[in-house]
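A quick write-up on the structure given underneath.
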Amino acid sequence: MAAASYLSTLINPKTREQGISDRRWYFCKSIAEHYAPHDELIRVCPACKRFFARCCQHNSTENEDGDLVERESPCHHFRVIYTDGACTNNGAAGKEQAAGMGIVMGLAKDDYWALPINHRVDPGAPRTSQRAELLAAIKGLELWSDRWEHHRDHELEHNPDDDDDIAKIVEVVLATDSEYVVKGLTQWYPAWKKKGWRAGDGKRPANLDLFHKLHEVVTHLEHQLEVNVGFLHLQRSSNELADTLAKLGAQKAAAVAS
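Everything in the sequence shown is counted per full-length UniProt numbering, starting at 1 for the first residue and increasing by one.
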């Protein structure tokens, strides 16, 4: 994707402000333009080692001389989950497919996963890259939900004191280089619903079962836990760790099958 085209996907075309709109995550214009070219839109907390999106309000602070400088630690408002899926021999007729999921919330050993996709995870379904990407997004949100309360006290401690309104809002960013996942849930899914779960060609959309499941997980977070979920479409180069883990997960699946 060209740099200018990629940058345009990071900024809300209507408001140019940060936040979630129609389940898409956007950076504010100034943050996107300054940090996207250097692949520095996401920061790592030096204490907890987890990932957080840069916050427009709290990216900088004043030093002793009154100059604006970048905060040593990112504010913890916008939690990031990187996900990716992989499938060996994807679409190759006559060859065995193996698929895996990569999920990354941080750099600590218990904050990233390389998971195989087997019949227990996705029973009776073919192994494809698109299903792997959807399954990774679903599993990533489920894992984050399971760990949220454990992380909450630390996150509140690392948020600035002047943002009570923002602190009350819990937001999580699902970051993936899969345009299929991002556009599928945020644009195509509502359109399919209006057409009685049919795509533009009148046929049932592929992998609709997993899109339903992803929608259910997001809706549960939104309505039951009051967590706002936004999807962020990254360049492939920005999702390398999740990609590596997804391939490792596929290797695990292949090893068990052989």
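C-beta atoms are modelled at their ideal positions from N, C-alpha and C, and glycine is treated no differently.
| request: Would you kindly report the start and end of the unbroken beta strand (DSSP E) that includes Pro116? | output: Tyr112 to Ile117
| request: Note down the Cα distance separating Ser8 from Phe52, rounded to an integer number of angstroms. | output: Cα to Cα, the separation comes out at about 21 Å.
| message | With a threshold of 6 Å on Cβ separation, who are the neighbours of Val170 within its own chain once the five nearest residues in sequence on each side are excluded? | response | So the list reads Val227, once near-sequence residues are dropped.
| field | C-beta atoms of Leu245 and Ala175 nearer than 8 Å | value | no
| Contact with chain C by Lys95, beta-carbon distance below 8 Å | Absent from the structure is chain C; it holds one protein chain and no more.
| So, helix, strand or coil for Trp25, using DSSP? | strand
| query | What are the start and end residues of the beta strand (DSSP E) that includes Gly106? | reply | Looking at the DSSP string, Gly106 is not in any beta strand (DSSP E), and its letter there is neither H nor E.
| message | Which same chain residues end up closer than 8 Å to Asp111 when comparing Cβ atoms and leaving out the 5 residues on each side of it in sequence? | response | Only Lys49, Arg50, Val104 and Met105 meet the Cβ criterion.
| Would you say the segment 85-102 touches the segment 122-129, given that touching needs at least three Cβ pairs under 8 Å? | yes
| Does at least one heavy atom of the ligand GDP sit under 7 Å from the Cβ of Gly196? | Annotation note on the ligand GDP: not contained in the displayed structure, which lists no ligands.
| task | Answer yes or no: do Ala242 and Ala99 have a C-beta to C-beta separation smaller than 8 Å? | result | no
| said: Taking DSSP's pairing of strands, which residues face Glu171 in a bridge? | reply: Phe78 and Asn228
| task | Would you mind reading off the limits of the alpha helix (DSSP H) that contains Val256? | result | Glu240 to Ala257
| query | Considering only C-alpha positions, which residue in the set Ser5, Tyr26 and Pro37 is nearest to Thr186? | reply | Tyr26
| task | Sort out for me which residues DSSP pairs Phe51 with in a bridge. | result | Within the DSSP bridge table, the entry for Phe51 names Val44 as partners.
| request: Kindly list the residues whose CB is nearer than 7 Å to the CB of Arg204, restricted to its own chain and excluding five residues on each side of it in sequence; keep chain order. | output: Trp197 and Arg198
| task | Just the C-alpha distance for Ser238 and Ala257, rounded to the nearest angstrom, thanks. | result | 31 Å
| DSSP state of Asp146 mapped onto helix, strand, coil | helix
| Between Ile20, Cys55 and Val80, which lies nearest to Glu70 when the distance is taken from Cα to Cα? | Cys55
| C-alpha gap between His215 and Ala32, whole angstroms | 27 Å
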